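These protein sequences, in sequence, are chains A and B.
Going by this note's numbering, the first sequence opens with residue 811, and the numbers climb by one from there.
Going by this note's numbering, the second sequence opens with residue 811, and the numbers climb by one from there.
One structure below.
There are 2 protein chains.
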Amino acid sequence: MKTEQVFKALADPNRMKILNNLCSRDCACNVGEVAGCCTVDLSVVSRHLAILKNAGIVSADKRGKEVFYHVNRKEVAALLRQTAANIEKSCCS
Amino acid sequence: MKTEQVFKALADPNRMKILNNLCSRDCACNVGEVAGCCTVDLSVVSRHLAILKNAGIVSADKRGKEVFYHVNRKEVAALLRQTAANIEKSCCS
DNA sequence: TTATTATTTGCATTATTGTGCAAATATACA
DNA sequence: TGTATATTTGCACAATAATGCAAATAATAA
Numbered sequence: 811m812k813t814e815q816v817f818k819a820l821a822d823p824n825r826m827k828i829l830n831n832l833c834s835r836d837c838a839c840n841v842g843e844v845a846g847c848c849t850v851d852l853s854v855v856s857r858h859l860a861i862l863k864n865a866g867i868v869s870a871d872k873r874g875k876e877v878f879y880h881v882n883r884k885e886v887a888a889l890l891r892q893t894a895a896n897i898e899k900s901c902c903s
Numbered sequence: 811m812k813t814e815q816v817f818k819a820l821a822d823p824n825r826m827k828i829l830n831n832l833c834s835r836d837c838a839c840n841v842g843e844v845a846g847c848c849t850v851d852l853s854v855v856s857r858h859l860a861i862l863k864n865a866g867i868v869s870a871d872k873r874g875k876e877v878f879y880h881v882n883r884k885e886v887a888a889l890l891r892q893t894a895a896n897i898e899k900s901c902c903s
């Protein structure tokens with residue numbers, strides 16, 4: 811989980827919407843459900859999810875023909891807090 | 811200080827280098843000093859600093875012909891921690 | 001098998017962003 | 001005044017990234 815990749819992944823409005831949507835749910839949801847939060851094509855949402863997944867922000871579970879995504883809450887929160895700590899002391903890598 | 815704008819500002823390798831450079835110093839430094847951390851043109855560094863400033867990540871103080879930049883450590887750290895908390899509970903706006 | 005549904009991927013296009021150079025601006029000093 | 005230094009800005013171009021559509025893949029059911 812690389813800091814810069816995480817920030818890049820979070821630097822797009824649709825991906826933020828997607829993340830918010832996923833965050834607001836208790837259980838994982840499939841691509842179609844996620845796509846409800848933004849107006850772009852479903853294929854675009856699929857790509858955004860892939861970017862979030864590559865950044866380690868979300869994880870995917872395939873069940874049957876559906877893929878369920880959920881947020882890696884602890885890991886993302888930990889990385890943000892670590893970055894916050896680094897900025898407060900001296901170096902923020 | 812908008813979350814998405816902050817993430818956008820942090821989503822570039824040179825801006826991360828610049829931020830790291832600024833973070834590693836106790837006192838503010840001018841554009842020329844900041845520019846030492848990356849190989850791009852000084853004018854590019856100036857633009858990157860403007861982006862970081864617009865995002866609220868750094869502040870600028872003009873003294874004479876120089877402009878001294880410093881990181882808004884507390885504010886940035888607070889925003890990152892707030893985002894971390896939002897992600898951990900439910901909604902991450 | 002075929003059909004249906006969910007998701008991903010190839011491709012072309014558009015939009016955005018980063019970059020370097022030169023010129024402009026701002027400040028200080030001789 | 002003119003000159004030197006620090007920074008920003010205009011502009012063109014290159015590099016990245018987002019998007020939509022159609023086709024491909026994967027899994028399930030008739």
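Here a beta-carbon is modelled for each residue, glycine too, at the ideal position from N, C-alpha and C.
The model shown is predicted, which means the values in this text are computed figures rather than measured ones.
Less than 7 Å between C-beta atoms, sequence neighbours within five positions excluded: which residues of the same chain meet that for residue i?
{"i": "Val841(B)", "result": "Leu852, Val855, Ser856, Leu859 and Val877"}
{"i": "Asn824(B)", "result": "Cys848, Val850 and His858"}
{"i": "Asn882(B)", "result": "Gly866, Ile867, Val868 and Ser869"}
{"i": "Ala838(A)", "result": "Asp871, Phe878, Tyr879 and His880"}
{"i": "Glu885(A)", "result": "Met811 and Gly866"}
What does DSSP give as the partner residues of residue i in its beta bridges?
{"i": "Val881(A)", "result": "Val868(A)"}
{"i": "Asn840(B)", "result": "Phe878(B)"}
{"i": "Arg873(A)", "result": "Glu876(A)"}
What does a CB cutoff of less than 8 Å around residue i pick up in its chain, not counting 5 residues either side in sequence?
{"i": "Lys863(B)", "result": "Ser869, Ala870 and Tyr879"}
{"i": "Ile828(B)", "result": "Val844, Cys847, Cys848, Val855, His858, Leu859 and Leu862"}
Under 8 Å, do residue i and residue j count as touching if we go by C-beta distance?
{"i": "Ala821(A)", "j": "Ile867(A)", "result": "no"}
{"i": "Val844(A)", "j": "Asn831(A)", "result": "yes"}
{"i": "Glu898(A)", "j": "Ala887(B)", "result": "yes"}
{"i": "Glu814(B)", "j": "Met811(A)", "result": "no"}
TODO: Return the residues of the segment 828–860 of chain B that lie within a Cβ-Cβ distance of less than 8 Å from chain A, sorted by chain order.
DONE: Among the residues of the segment 828–860 of chain B, those with a Cβ less than 8 Å away from any Cβ of chain A are Leu829, Asn830, Cys833 and Ser834, in the order of the chain.
- [ ] Pull out every residue of the segment 812–824 of chain B whose Cβ sits closer than 7 Å to any Cβ of chain A, in chain order.
- [x] Interface annotation for the segment 812–824 of chain B against chain A: Glu814, Phe817, Lys818, Leu820, Ala821 and Pro823, criterion Cβ-Cβ distance under 7 Å.
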